[in-house]
Amino acid sequence: MPVLSAGTGLHETLALLTSQLRPDANHKEDMVFLKDVFSEKSLGYLMKIHEKLRQYERQSPTPILHSAASLAEDVSSTKHARMHTHTHKQGAHTPHTLPKCEAVLSVHDTVAQKNFDPVLPPLPDDFEDELEEESVKIVRLVKNKEPLGATIRRDETTGSVIVARIMRGGAADRSGLVHVGDELREVNGISIIHKRPDEISQLLSQSQGSITLKIIPAVKEEDHLKESKVYMRALFDYIPADDKATPCQEAGLPFKRGDILQVVTQDDPTWWQAKRVGDSNLRPAAPPPPLILPSGYLPSAHPRPPLLPACLPTEDCDCEGYFNGQYIAGLRRSFRLSRKDRSGSLGGGATRDPTDPDFATYEEVTRYQHRPNERPRLVVLIGSLGARINELKQKVIAENPHRYAVAVPHTTRPKKPHEKEGVEYHFVTKQAFDADALSNKFIEHGEYKENQYGTSIEAIRSVQAKNKMCLVDVQPEALKTLRTSEFKPYVIFVKPRVPESRRRRSAATSPAGGDHGRVTDEDLQEMRQSAQQMDQQYGHLVDRVLIKEDSASACTELRGILERLERETFWVPLCWVRT
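Everything in the sequence shown is counted per our numbering, starting at 798 for the first residue and increasing by one.
What follows is the structure, encoded as structure tokens:
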């Protein structure tokens, strides 16, 4: 960096600052903002004025005389009186009587006497009444081409234009000068009292570089958005354009089931502000972004009666839906009652079950990484028709039996000569099996050819006690039992890739499991419907979707997932790790 001389001014220093900053991929927007601010001529003029004032303060000049004009007038009068007898000089002007000289001396005296402050008029008689009037604040914001990051609405009672919401990280929020509830009076000197909200929004969006707002502050100016560390996994898809109750669709975040959302604030009773962090369905948890991007609003998990379209409050906003590569989240707080039409409402003490798709909203999550002293996570495989997940599980375990194992099931059928207790099955009596079933010791159980079969919770614990990763394939209904902090299950949904017709299926696999069975178009349609139905009912509980092209590629992908589970960080429900 070049050495600055002692006499280098502040505005020269600022001019050199941006040229010396090294580019940073994580702070490109900050660099652009700084360059735009420092390149403005008005800032340069302000810096020069600042330097002159500082120079004046350092020198601290004091006037020798506070009445130079009076002294000059006295000198001129005395000199004129002495010279009035000389007729050849009677018409001459002395230098002190010149109009320009008199004006300079008058200014000198005004500055010396500090007589340059405006003289305020006397206080009116009704001064006490005027104190009750609302104060006005002038706010000047400097922004690039970015939106202001605020929504406005018109108060139905007073007709005033009110700031309805502030987008986290936007220009208005960064300034700290604009707050929810502030009344907006003017934009760049233009009165907006009689303008429509859409006209005001257009006026705000057209302002480039800087924007001046005349505002009547809200009562509670100290209330400001605070950064939150609450993360939610979305358990449903959301399209703001389809939401008739959103007051500002431009502020909506179209997210998908499985997206991780950071809730920035829950101060608003109707909306939450949030931003999207990552997708837990497709990749491990990513570290939080270094730059806090603008955010918007998110529907909470609490239901309320749906609003009729005619009763919906409307807002106009200067907040584009796509900002710096990310959508701004702007969603209604109470969006989702269920996928079905319901009458009535839930009781205040009702508890939502995340395994119930009709109540699927959000699940609070946190980052989790397996530690060496902990038991391995349980891996749960669920599959649609034709997935053949048992074959997939057995192949992976056979390749690495010292790391992976299955939970040995219980059965009431007689033991065959080649079978060993605790290897293929735990052989028990029907009475013992029924007693365990009544005690809820099985994660699932059923009957086949008049014999009972079931997988017990204790069998899973036995595998984990050996520091092996336990792989189980169950019916999706068993997820409700397995989703606990003890097992921390990682759920993999295996579904076969189903072609449009059997002509395009080169290596057909029948739904029944035969390698060379003839597959009809009806079979393919049944497999497709099975996958769709399972995804609709249980997809919100799935951590990974494995599309099975063939057995070899599916085994390779499954092995990769199991290896990453031991070393990478993933999103899990907060209640699993909270102590």
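From the three backbone atoms N, C-alpha and C, an ideal C-beta is built for every residue, glycine too.
Val958 is classed as buried because its beta carbon has at least 16 other beta carbons within 10 Å across all chains shown. Nearest Cα to Thr1062 within the set Ile963, Gly973, Val975: Ile963. By the Cβ neighbour-count rule, Glu1160 is buried, with 16 or more other Cβ atoms within 10 Å of its own.
Measuring C-alpha to C-alpha distances from Gly1049 to each of Arg1315, Gly1006, Arg1258, Gly946 identifies Gly946 as the nearest. Assigned with DSSP and collapsed to three states, Val1176 falls in strand. Taking the CA atoms as reference points, Asp1034 sits about 43 Å from Phe835. Comparing alpha-carbon positions, the option among Lys911, Glu899, Ser839 lying closest to Thr859 turns out to be Lys911.
Taking Val829 as the centre and dropping the five residues before and after it, the same chain places the C-beta of Asn941 closer than 8 Å to its C-beta, in chain order. One thing to note: Met1324 has its Cβ within 8 Å of the Cβ of Gly1183.
Just measuring C-alpha positions, the residue of Gln1322, Glu1283, Gln1329 sitting nearest Arg1375 is Glu1283. Under the DSSP assignment, Val1205 falls outside any alpha helix (DSSP H); it carries neither an H nor an E label. Here the alpha carbon of Gln1228 sits roughly 38 Å from the alpha carbon of Pro1370. As summarised for the segment 821-886, the continuous alpha helix (DSSP H) elements at least 4 residues long and confined to that stretch are 825-835, 838-856, 865-879, given in chain order. Spanning the alpha carbons of Ser864 and Gly956 requires a straight line of approximately 56 Å. With contacts defined as CB atoms closer than 8 Å, Ile949 and Ser998 qualify as a contacting pair. Only residues of its own chain outside the window of five on either side were considered, and among them none has a CB closer than 6 Å to the CB of Leu843.
With a threshold of 16 other beta carbon atoms within 10 Å, Leu1362 meets it and is buried.
With respect to Leu1178, Asp1270 sits close: the two C-beta atoms are nearer than 8 Å. Judged by beta-carbon spacing, Lys1263 lies beyond the 8 Å limit of Arg1174, meaning their Cβ atoms are not closer than that value. Here Pro918 is exposed. Its C-beta has fewer than 16 other C-beta atoms within 10 Å.
Ranked by how close their Cα comes to the Cα of Gly986, the residues Arg951, Gly966, Val977, Val936 have Val936 in first place. A distance below 7 Å between beta-carbons, with the five flanking residues on each side excluded, links Cys1372 to the following residues of its chain, in chain order: Ser1282. Note on geometry: alpha-carbon atoms of Lys825 and Tyr853 lie some 39 Å from one another. Our two residues, Glu1297 and Leu1321, have alpha carbons roughly 8 Å apart in a direct line.
Under the DSSP assignment, Met1029 falls in the beta strand (DSSP E) whose first and last residues are 1027-1031.
Scanning the segment 969-1006 for uninterrupted beta strand (DSSP E) segments of 3 residues or longer gives 980-984, listed from N- to C-terminal end. According to DSSP, Val1342 shares a beta bridge with Phe1290.
Excluding five sequence positions before and after Phe1290, the CB atoms of its chain that fall closer than 6 Å to its own CB belong to Ile1179, Val1339, Val1342, given in chain order. In this structure, DSSP gives Ile1008 an extended state, which the three-state scheme calls strand. Look at Val901 here: in three-state DSSP terms it is helix. Residues of the same chain with a CB within less than 7 Å of the CB of Arg1030, apart from the 5 flanking positions on each side, are Gly1055, Ile1057, Ser1077, Tyr1159, Glu1160, Val1162, Trp1368 in chain order. For Thr1353, the uninterrupted alpha helix (DSSP H) run begins and ends at 1348-1364, by DSSP. The continuous beta strand (DSSP E) containing Arg950 extends over residues 947-951. Taking the CA atoms as reference points, Gly967 sits about 16 Å from Trp1069.
Residue range 1318-1335 is occupied by the alpha helix (DSSP H) that includes Met1324. The residue from Leu862, Ser873, Lys1213, Ser1327 with its alpha-carbon nearest to that of Val904 is Leu862.
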